[in-house]
Amino acid sequence: MLKIMRLALLMIVVCGIAYPLLMTGLAQIMFPDQANGSLIKTKDGRAAGSELIGQNFQSPKYFHGRISSINYDASASGSNNYGPTNKEMLKRTQESIKMLKKENPGLKTKNIPVDLITNSASGLDPDISVQAAKFQVPRVSQETGIDKSTLMTFIHETTKGRSLGLFGEPRVNVLELNMKLQNYEK
Amino acid sequence: MGVWQIAVVIILLLLIIKPLGSYIYHVFSNQPNKTDKIFAPIEKVIYAICGMKKRAPMTWKKYAVSLLLTNIIFVAVGYMILRIQQILPLNPNGISGMNPTLSFNTIISFMTNTNLQHYSGETGLSYFSQMAVIMMMMFTSAATGLAAAIAFIRGVTSKGKTIGNFFEDFVKGHTRLLMPMSVILTIILVGLKVPQTLEPSIKVTTLEGAKQVIAIGPVAALEAIKHLGTNGGGFFGANSAHPFENPSPLTNVIEILAMWSIPASLTYTYGRFAKRQKQGWVIFGAMGILFAAFLALIFISESHGNPALTAMGLNHSQGSMEGKEERFGIAQSALFSTVTTAATTGSVDNMHDTLTPLGEITPLSLMMLNTVFGGDGVGLINMLMYAIIAVFICGLMVGRTPEFLGRKIEPKEMKLITVALLVHPLIILAPTAVSFLTELGKGAISNPGFHGITQVLYEFTSSAANNGSGFEGLGDNTAFWNISTGLVMLFGRYISIIALLAAAGSLARKQPVPETIGTFRTDNLLFTGILTGIVLIVGALTFFPVIALGPIAEYLSIR
Numbered sequence: 001m002l003k004i005m006r007l008a009l010l011m012i013v014v015c016g017i018a019y020p021l022l023m024t025g026l027a028q029i030m031f032p033d034q035a036n037g038s039l040i041k042t043k044d045g046r047a048a049g050s051e052l053i054g055q056n057f058q059s060p061k062y063f064h065g066r067i068s069s070i071n072y073d074a075s076a077s078g079s080n081n082y083g084p085t086n087k088e089m090l091k092r093t094q095e096s097i098k099m100l101k102k103e104n105p106g107l108k109t110k111n112i113p114v115d116l117i118t119n120s121a122s123g124l125d126p127d128i129s130v131q132a133a134k135f136q137v138p139r140v141s142q143e144t145g146i147d148k149s150t151l152m153t154f155i156h157e158t159t160k161g162r163s164l165g166l167f168g169e170p171r172v173n174v175l176e177l178n179m180k181l182q183n184y185e186k
Numbered sequence: 001m002g003v004w005q006i007a008v009v010i011i012l013l014l015l016i017i018k019p020l021g022s023y024i025y026h027v028f029s030n031q032p033n034k035t036d037k038i039f040a041p042i043e044k045v046i047y048a049i050c051g052m053k054k055r056a057p058m059t060w061k062k063y064a065v066s067l068l069l070t071n072i073i074f075v076a077v078g079y080m081i082l083r084i085q086q087i088l089p090l091n092p093n094g095i096s097g098m099n100p101t102l103s104f105n106t107i108i109s110f111m112t113n114t115n116l117q118h119y120s121g122e123t124g125l126s127y128f129s130q131m132a133v134i135m136m137m138m139f140t141s142a143a144t145g146l147a148a149a150i151a152f153i154r155g156v157t158s159k160g161k162t163i164g165n166f167f168e169d170f171v172k173g174h175t176r177l178l179m180p181m182s183v184i185l186t187i188i189l190v191g192l193k194v195p196q197t198l199e200p201s202i203k204v205t206t207l208e209g210a211k212q213v214i215a216i217g218p219v220a221a222l223e224a225i226k227h228l229g230t231n232g233g234g235f236f237g238a239n240s241a242h243p244f245e246n247p248s249p250l251t252n253v254i255e256i257l258a259m260w261s262i263p264a265s266l267t268y269t270y271g272r273f274a275k276r277q278k279q280g281w282v283i284f285g286a287m288g289i290l291f292a293a294f295l296a297l298i299f300i301s302e303s304h305g306n307p308a309l310t311a312m313g314l315n316h317s318q319g320s321m322e323g324k325e326e327r328f329g330i331a332q333s334a335l336f337s338t339v340t341t342a343a344t345t346g347s348v349d350n351m352h353d354t355l356t357p358l359g360e361i362t363p364l365s366l367m368m369l370n371t372v373f374g375g376d377g378v379g380l381i382n383m384l385m386y387a388i389i390a391v392f393i394c395g396l397m398v399g400r401t402p403e404f405l406g407r408k409i410e411p412k413e414m415k416l417i418t419v420a421l422l423v424h425p426l427i428i429l430a431p432t433a434v435s436f437l438t439e440l441g442k443g444a445i446s447n448p449g450f451h452g453i454t455q456v457l458y459e460f461t462s463s464a465a466n467n468g469s470g471f472e473g474l475g476d477n478t479a480f481w482n483i484s485t486g487l488v489m490l491f492g493r494y495i496s497i498i499a500l501l502a503a504a505g506s507l508a509r510k511q512p513v514p515e516t517i518g519t520f521r522t523d524n525l526l527f528t529g530i531l532t533g534i535v536l537i538v539g540a541l542t543f544f545p546v547i548a549l550g551p552i553a554e555y556l557s558i559r
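Quick mapping for you: the protein sequence lines, in order, are chains A and B. Read in the UniProt record's numbering, the first sequence has 120 at position 120, and its numbers run on one by one without any break. Read in the UniProt record's numbering, the second sequence has 75 at position 75, and its numbers run on one by one without any break.
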């Protein structure tokens, strides 16, 4: 029994303490930027956020991200886990459609990019589809006065392709795109 | 494009199986081999510290007792740490101690390789608890499962009273397999932007001028063993859907392969031990067929979008994106969900609660079958158990004494196997039914209607299969859920391990019977088909009614 106790304690020290500490040390030496959250800096060197973590954009002057039930509060994560037949979810979707139609007169329901009106899994999704970014160009152009072709160039520049050209989906990082808008205005 | 990205991942897995399976065989065959040079000196130090210089072969009883005692000590120490984490070091975000029932649930959950989480990592655990409890148990529970599998394989393939020495298997599982693989994987993940730091949460000012607090921590080290050990408990509440745990489609593919490769390769290891590689491929084949069928179901269902949204006139070309991440889309989400429930890991890169009705059937069924790859070690044992049931049923049909790998299958083994077989549905269906009888259970449902039935069913299925994923809308952090799922996890893990180790001990002692022309072959396509059929028939007979009440009824209501 004493021997088993010694083995168990040794494993706790090796796997639970030595391993993560050693990994932290190695990570900080080898990849300090990535290990500390891939922060994006503004021109004056201040951290404006992480390229991996979405932010809440409400102003019509910015491109908007996906729905987040936690309002992109990154001290937590998750969504409200609405099932496919959940009444609250259906109501929320109806309201989103109504609002988008008000913002974009003449819009047909079938032209709405679905990712824009659905809640992401993490509530912190930093990306939207290319389609969803282009969809917002008329509004952003009108609100900011930046012409549409410039905005399309920004979208093009902040689009990430599939990993290795194969895995995942092409997407636009909303924070990076909006930083381009901000820098342009200045 | 979707089909291609899935196909490439499967091809990558097929390329891993032979080398990794052979390697695992060498690690546990206890024959001198090349890996001794590097690892034997390290193990010598460990054995010296623990006073285990002599490691005598064990009977199945001694093996099982050693396994249990070791696990009990981890549980005791881990429970203590969770309760008093507020006064322990490495708690920069000031997290308070965990309450008793939640600590009970959490500690059972991680020791049994389940990783069901009724807490949220950001707010529930200090960095020290994430390391010394969560990561530690991710290693030790996986090594426990591996040891059990190797012992079972020895039982069915070797002759004698012993099925090996638990401590030796347990230590080697760490030193030669899990630890080196985790170190390499951690570094790769950090390079691909998964954070690894002990600094407190980051505070930034957003473009719109609001304050954003970003939780961070030693994520990569946990992420590596979380998948290699088929554990699945996330550092953050959103698990592998969180951009810090799984920043890109590439890390998604790496995490899929990390959790899939050991369970899949063990079929090859088994073939090596059986000295007939075809035996291993038969097992792999049956797993592969079932896997492909369920993967197709979820992929097609999710691609077609949510019928309830399509009915509003929305375009479903993007598929059902509620509860999914943009970077993964449908293909990477569907594949991840299938692998994580097949290999009973339980990490999620999309929210299973939000799956379309037919899509829900895939994760649910794979956990109910609990044999398609399965967790490190235990999945293989479960499939071998079905293989023995298959030869037994075939034996009954043709009127011969059933044999498996040259051993007669007799009442004693069949009784033990039946226990292991029946425990699983019992601990899923009985507590599910009880939950609907009480407000304590029903009150937790967040998606009313047929979906609510699935929420409760999923929680117990996930606990029994030691998977750990959830329909996370369920309000499950209550004493009722913490204790009920805690017990289900406990029974789900240890009853079957003990029963099957006993069966292995009994098989090891048998006099092998020579193979004749009349011997029923277990290494050909016919047997692959029979095995697949038996798994499906037993599974369907047990679980189809409840699946009809949940997902199928929900599907019919919005079709």
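The beta-carbon is built from N, C-alpha and C at its ideal position, and this holds for glycine as well.
Among the options, nearest to residue i - alpha-carbon criterion
i	options	result
residue 82 of chain A	B:373, B:411, B:351, B:502	B:351
residue 134 of chain B	B:114, B:120, B:146, B:110	B:110
residue 484 of chain B	B:89, B:39, B:47, B:104	B:104
residue 93 of chain B	B:65, B:216, B:4	B:216
residue 488 of chain B	B:445, B:428, B:436, B:472	B:428
residue 323 of chain B	B:180, B:47, B:412, B:241	B:241
residue 13 of chain A	B:128, B:55, B:160, B:380	B:128
residue 135 of chain A	A:114, A:78, A:121	A:114
residue 371 of chain B	B:153, B:535, B:52	B:535
residue 2 of chain B	B:130, B:330, B:15, B:67	B:330
residue 19 of chain B	B:477, B:291, B:175, B:266	B:266
residue 96 of chain B	B:401, B:85, B:390	B:85
residue 478 of chain B	B:114, B:228, B:101, B:176	B:101
residue 75 of chain B	B:23, B:140, B:197, B:498	B:140
residue 555 of chain B	B:159, B:226, B:302	B:302
Where residue i meets chain B, residues with beta-carbon distance less than 9 Å
i	result
residue 23 of chain A	182, 183, 186, 187, 190, 196, 218, 220, 221, 224
residue 97 of chain A	312, 313, 314
residue 110 of chain A	313, 314, 315
residue 104 of chain A	What residue 104 of chain A touches in chain B: nothing, since even the nearest Cβ is about 15 Å away.
residue 107 of chain A	Those within 9 Å of residue 107 of chain A in chain B number zero; the least Cβ separation is about 11 Å.
residue 6 of chain A	49, 50, 51, 52
Nearest-angstrom Cβ-Cβ length linking residue i and residue j, presumed shorter than 8 Å
i	j	result
residue 162 of chain A	residue 243 of chain B	17 Å between Cβ atoms; not a contact.
residue 67 of chain A	residue 119 of chain A	5 Å
Where residue i meets chain B, residues with beta-carbon distance less than 7 Å
i	result
residue 77 of chain A	122, 236, 237, 238, 242
residue 31 of chain A	190, 191
residue 136 of chain A	None at all; the shortest Cβ gap to chain B is about 14 Å.
Cross-strand partners of residue i (DSSP beta bridge)
i	result
residue 174 of chain A	Looking at the DSSP assignment, residue 174 of chain A forms no beta bridge with any residue, so it has no partner.
residue 39 of chain A	A:50
residue 80 of chain A	Note: residue 80 of chain A sits in no beta bridge, so no partner.
residue 84 of chain B	In DSSP, residue 84 of chain B forms no bridge with anything.
residue 407 of chain B	B:404
residue 204 of chain B	B:212
residue 160 of chain A	A:171
residue 128 of chain A	A:172
8 Å Cβ cut-off: residues of chain A touching residue i
i	result
residue 328 of chain B	168, 169
residue 4 of chain B	166
residue 631 of chain B	There is no way to answer for residue 631 of chain B, as the model of chain B reaches only from 1 to 559.
residue 451 of chain B	83, 84, 85, 86
residue 80 of chain B	Correct list: empty, because the minimum Cβ distance to chain A is about 11 Å.
Neighbouring residues, chain B, relative to residue i (Cβ below 8 Å)
i	result
residue 37 of chain A	195, 197, 202, 214, 216, 244
Chain A contact residues for residue i, given Cβ-Cβ distances below 7 Å
i	result
residue 306 of chain B	84
residue 569 of chain B	A query on residue 569 of chain B cannot be resolved here, the shown segment of chain B reaching from 1 to 559 and no further.
residue 111 of chain B	Result: empty, since nearest Cβ-Cβ is about 12 Å, beyond 7 Å.
Short-range partners of chain B found in the stretch 141-166 of chain A, where Cβ spacing is below 9 Å: Cβ contacts with chain B come from 160, 162, 163, 164, 166.
Chain A contacts from the stretch 536-558 of chain B (Cβ-Cβ distance under 8 Å): So the list reads 554, 557, 558, given in the order they occur along the chain.
Contact list for the stretch 348-382 of chain B against chain A, Cβ threshold 8 Å: Against chain A - using a Cβ distance shorter than 8 Å - the residues of the stretch 348-382 of chain B are 348, 349, 350, 351, 353, 354, 355, 356, 357.
Near-chain A residues of the stretch 37-69 of chain B - C-beta to any C-beta below 8 Å: Against chain A - using a Cβ distance shorter than 8 Å - the residues of the stretch 37-69 of chain B are 46, 49, 50, 51, 52, 66, 69.
Interface positions of the stretch 242-263 of chain B facing chain A (Cβ-Cβ less than 8 Å), listed along the chain: Interface annotation for the stretch 242-263 of chain B against chain A: 242, 243, 244, 247, 248, 249, 250, 252, 253, criterion Cβ-Cβ distance under 8 Å.
Interface residues of the stretch 58-82 of chain A facing chain B [CB-CB below 8 Å]: Residues 58, 59, 62, 66, 72, 73, 74, 75, 76, 77, 78, 79, 80, 81, 82.
Cβ-based contacts, 8 Å cut-off: residues of the stretch 92-105 of chain B near chain A: Cβ contacts with chain A come from no residue of the stretch 92-105 of chain B.
Contact residues within the stretch 435-448 of chain B, judged by C-beta distance below 7 Å to chain A: Residues passing the 7 Å Cβ filter: 446, 447.
Residues within the stretch 318-342 of chain B neighbouring chain A, beta-carbon criterion of under 9 Å: The residues in question are 318, 319, 320, 321, 322, 323, 324, 325, 326, 327, 328, 329, 330, 331, 332, 333.
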